[in-house]
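Here's the structure we're looking at; comments come further down.
Number of protein chains: 2
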Amino acid sequence: MKEGPDIARLGTLIGDPARANMLTALMGGQALTASELAQAAGVSLPTASSHLSKLEDGGLLSQRKQGRHRYFALADTATGAMLESLMGFAASRGHLRHKPGPKDPALRKARICYDHLAGDFGVRMLDSFLCEGVIAAEGEKLTLTKAGHARVSALGIDVESLHSPRRPLCKSCLDWSERRSHLAGSLGRALLGHFIDNGWARRVADSRIIDFTPEGERRFMAVFPVD
Amino acid sequence: MKEGPDIARLGTLIGDPARANMLTALMGGQALTASELAQAAGVSLPTASSHLSKLEDGGLLSQRKQGRHRYFALADTATGAMLESLMGFAASRGHLRHKPGPKDPALRKARICYDHLAGDFGVRMLDSFLCEGVIAAEGEKLTLTKAGHARVSALGIDVESLHSPRRPLCKSCLDWSERRSHLAGSLGRALLGHFIDNGWARRVADSRIIDFTPEGERRFMAVFPVD
DNA sequence: TCAATGCTTCGGTCCAGATCGAAGCATGAA
DNA sequence: TTCATGCTTCGATCTGGACCGAAGCATTGA
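Chains A and B supply the protein sequences, listed in that same order. Per full-length UniProt numbering, residue 1 is the first one in the first sequence, and the count goes up by one each step. Per full-length UniProt numbering, residue 1 is the first one in the second sequence, and the count goes up by one each step.
Shown next as structure tokens:
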């Protein structure tokens with residue numbers, strides 16, 4: 001009777017509606033904060049926190065602490081595949097729910113993340129920097145290269161003034177819409193300030209959206225090429 | 001936030017230990033009576049009856065009445081495949097429910113997966129088929145080659161009679177103990193039947209274990225070589 | 001330093017559902 | 001008919017765990 005793996009434990013983890021909602025939300029591939037997952041699940045923050053630690057103990061989630069936030073994501077692709085297979089089976093038995101609402105595309109395109117650029121544009125910028133050797137990546141660690149120093153200075157940014165004992169110059173930050181990293185740290189902040197000061201973009205009131213002008217977008221694309 | 005299929009309901013069904021035990025017992029492919037399932041689950045008859053009707057409502061089980069008995073079985077092969085995939089995932093996260101007893105190695109060596117051979121032997125058989133061009137793999141899809149048709153027929157299996165509009169001839173099924181694929185589908189079923197009919201192996205009662213005789217094992221190894 | 005934010009822990013409430021005994025229905029055997 | 005068997009339904013109990021408010025902790029910003 002007691003043979004093989006414990007599917008009951010897995011089932012219990014997935015079987016709670018709040019946890020299932022969280023897992024479904026994470027199926028998009030984006031890493032989400034505890035607060036966002038609480039809202040997605042429709043429960044309070046303490047309840048969500050409890051669920052998240054259970055899911056992590058069960059090996060379904062991985063988490064990454066970043067500043068005040070805690071980002072959660074599916075542990076690996078096998079987890080996503082398992083959930084997808086469950087969804088397929090559930091759908092085949094007519095266990096369905098409702099349709100989703102529209103998402104804000106502007107938020108995915110470019111938004112502020114604390115103080116630096118995130119979204120499609122933020123990811124593109126870091127990709128471009130890595131590709132051109134402006135920034136070197138060593139695991140999670142990002143460092144500005146000697147060539148990068150010159151390149152950023154040429155943009156009109158005073159790199160020396162950005163050094164601080166309290167904050168790293170470059171830091172990688174996980175992007176929720178792209179599920180890839182973008183550039184944080186004092187340099188990330190300075191670059192966003194640069195775009196706004198030069199009229200390439202502006203902040204939209206009461207929103208995290210960064211709105212690029214057509215000209216600003218053109219110049220951004222030119223300055224940060226991606227092969 | 002309410003999007004996609006309802007995996008919570010499915011999880012709840014599988015998440016109860018008694019129900020999980022019943023489903024595991026039915027993974028052997030045999031139809032079992034309510035009393036037998038009650039014993040397998042370790043609960044009283046009334047409790048088992050309640051669980052069984054829930055599983056049936058959820059589309060996981062089919063039942064047929066026969067005299068005073070009521071026989072339950074997994075609804076279809078998709079159900080077996082879904083459960084096996086859950087077991088694979090659970091095993092990968094270390095969700096095992098027992099001390100590694102004497103039954104465990106036997107289960108890993110050769111066991112029945114709904115109606116076909118799984119475990120070390122099942123994986124070896126498919127590996128051998130792929131290696132010798134009996135079966136061609138194209139992603140998840142498996143097809144019997146022309147040469148394979150002759151080869152399988154030579155084993156004494158009537159391939160023509162296996163074709164069915166309801167079930168594929170060859171299908172890959174993820175093996176939880178090996179974390180690799182073995183052969184499912186009507187051909188997989190026929191091959192296991194062949195081994196048993198020819199006395200190479202027999203089913204162990206009240207278990208998913210397939211017990212190969214020394215001679216059967218010798219012939220199996222000869223017929224399905226792996227480099 | 002203090003205040004704001006994001007999250008966890010603690011303490012207590014509450015309820016869905018798992019459980020079983022007893023009774024109720026079938027079916028089959030005599 | 002009468003009895004035995006296999007299973008379901010009913011009624012009642014009980015508990016695991018989902019839930020939230022308040023307090024606590026950690027990080028960041030001012």
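Cβ coordinates follow ideal geometry from the N, Cα and C atoms, glycine included. Bear in mind the structure is a predicted one, so any value in this text is a computation, not a measurement.
Find the nearest neighbour of A:D227 within the set A:L155, A:F129, A:L183 and A:T213, judged by alpha-carbon distance.
The shortest C-alpha separation from A:D227 is found at A:F129.
DSSP on A:D16, reduced to helix/strand/coil?
Looking at A:D16 - three-state DSSP - the assignment turns out to be coil, as it is neither helix nor strand.
Taking DSSP as the reference, what is the three-state secondary structure of B:F220?
Of the three classes helix, strand and coil, the one that applies to B:F220 here is helix, per DSSP.
Which partner residues does B:R64 have in the DSSP bridge list?
Paired residue(s): B:Y71.
Beta-carbon separation of B:T145 and B:V134 under 8 angstroms?
Contact flag set, yes.
Taking only beta-carbon positions, decide if B:A20 is within less than 8 angstroms of chain A.
By this cut-off, B:A20 is an interface position.
Please give the ranges of any alpha helix (DSSP H) in the segment 177 to 208 of chain B, keeping only runs that are unbroken, at least 4 residues long and fully inside the region.
Listed in chain order, they are 185 to 197.
Spell out whether any CB of chain B is found under 8 angstroms from the CB atom of A:T12.
At least one chain B Cβ lies under 8 angstroms of A:T12.
How many whole angstroms separate the CB atoms of B:L183 and B:G122, which I take to be in contact at a CB cut-off of 8 angstroms?
With a Cβ gap of about 7 angstroms, B:L183 and B:G122 count as contacting.
Under 7 angstroms Cβ-Cβ, which residues of chain A neighbour B:Q133?
The sequence given here has Gly at residue 133 of chain B, not Gln. Those within 7 angstroms of B:G133 in chain A number zero; the least Cβ separation is about 28 angstroms.
If distances are taken between C-alpha atoms only, which option among B:H69, B:S85, B:R9 and B:D6 comes closest to B:T24?
Nearest C-alpha to B:T24: B:S85.
Distance, Cα to Cα, A:K99 vs A:L45?
In this predicted model, A:K99 has a pLDDT of only 35, less than 50, meaning its place in the structure is not dependable enough to derive any value.
Can the beta-carbon of B:A75 be found less than 8 angstroms from the beta-carbon of B:F212?
Cβ distance not < 8 angstroms, so B:A75 and B:F212 don't count as in contact.
Based on Cα-Cα distance, which residue from A:A190, A:G148, A:L155 and A:A150 lies nearest to A:S164?
It is A:A190.
In whole angstroms, what is the alpha-carbon distance linking A:G199 and A:R108?
Their Cα atoms are separated by approximately 21 angstroms.
Starting from A:R108, trace the beta strand (DSSP E) in both directions and tell me its first and last residue.
No beta strand (DSSP E) holds A:R108; the alpha helix (DSSP H) holding it covers P105 to K109.
Would you kindly work out how many angstroms separate the C-alpha atoms of B:D206 and B:G148, rounded to a whole number?
Their backbone Cα atoms lie some 34 angstroms apart in a straight line.
If you reduce the DSSP assignment to three classes, tell me which class B:A147 lands in.
The answer is helix: DSSP assigns B:A147 an H, G or I state.
Report the rounded CA-to-CA distance for B:L187 versus B:K65, giving the unit in angstroms.
So the two alpha carbons sit approximately 29 angstroms from each other.
How should A:G58 be labelled, buried or exposed, when 16 other C-beta atoms within 10 angstroms of its C-beta is the threshold for buried?
When all chains shown are included, A:G58 counts as buried.
For a contact defined as C-beta to C-beta under 7 angstroms, what are the partners of A:H95 on chain B?
Per Cβ cutoff of 7 angstroms: P5, D6, R9 and L10.
Within 10 angstroms of the Cβ of B:A222, are there 16 or more other Cβ atoms? Answer buried if so, exposed if not.
Classification for B:A222: exposed.
Could you work out which residues of chain B lie near A:S50, taking near to mean beta carbons separated by less than 8 angstroms?
By Cβ distance, chain B contributes nothing, its closest Cβ being about 17 angstroms from A:S50, past 8 angstroms.
Contact criterion: CB-CB distance below 8 angstroms. Does B:D16 meet it with respect to chain A?
Interface residue, yes.
When the cut-off is 8 angstroms and only beta carbons count, does A:G80 lie next to chain B?
It does not: the Cβ of A:G80 has no partner Cβ on chain B nearer than 8 angstroms.
Determine the extent of the beta strand (DSSP E) in which B:D211 is found, giving its start and end residues.
B:D211 -> beta strand (DSSP E) spans I210 to F212.
Would you please verify whether the beta carbon of A:F72 is less than 8 angstroms from any beta carbon of chain B?
A:F72 does not count as touching chain B.
Using a Cβ-Cβ distance cut-off of 8 angstroms, determine whether B:S85 contacts chain A.
It does; some Cβ of chain A falls within 8 angstroms.
Which residues in chain A have a C-beta closer than 9 angstroms to the C-beta of B:R188? List them in chain order.
In the sequence as presented, Arg is not what sits at residue 188 of chain B; that position holds Gly. Near B:G188 there are no residues of chain A at all, since even the closest Cβ is about 19 angstroms away, more than 9 angstroms.
Sort B:F195, B:P214, B:P225 and B:L96 by Cα distance to A:I7 and report the nearest one.
Here the closest residue by C-alpha is B:L96.
Of all the CB atoms in chain B, is at least one closer than 8 angstroms to the CB of A:S62?
For A:S62, the answer is no, since every Cβ of chain B falls outside 8 angstroms of its Cβ.
Would you kindly report the start and end of the unbroken alpha helix (DSSP H) that includes A:H116?
Per DSSP, A:H116 belongs to no alpha helix (DSSP H); it is in the beta strand (DSSP E), H116 to A118.
Check whether the Cβ atoms of A:G67 and A:M27 sit closer than 8 angstroms, and answer yes or no.
Not in contact: A:G67 and A:M27 (Cβ atoms no closer than 8 angstroms).
Please tell me whether B:S92 has its Cβ less than 8 angstroms away from any Cβ of chain A.
Closer than 8 angstroms: yes.
Using the rule of at least 16 other Cβ atoms within 10 Å of the residue's Cβ for burial, across every protein chain shown, is B:K141 buried or exposed?
That one is exposed.
From the DSSP output, in three-state form, read off B:C113 for me.
The answer is strand: DSSP assigns B:C113 an E or B state.
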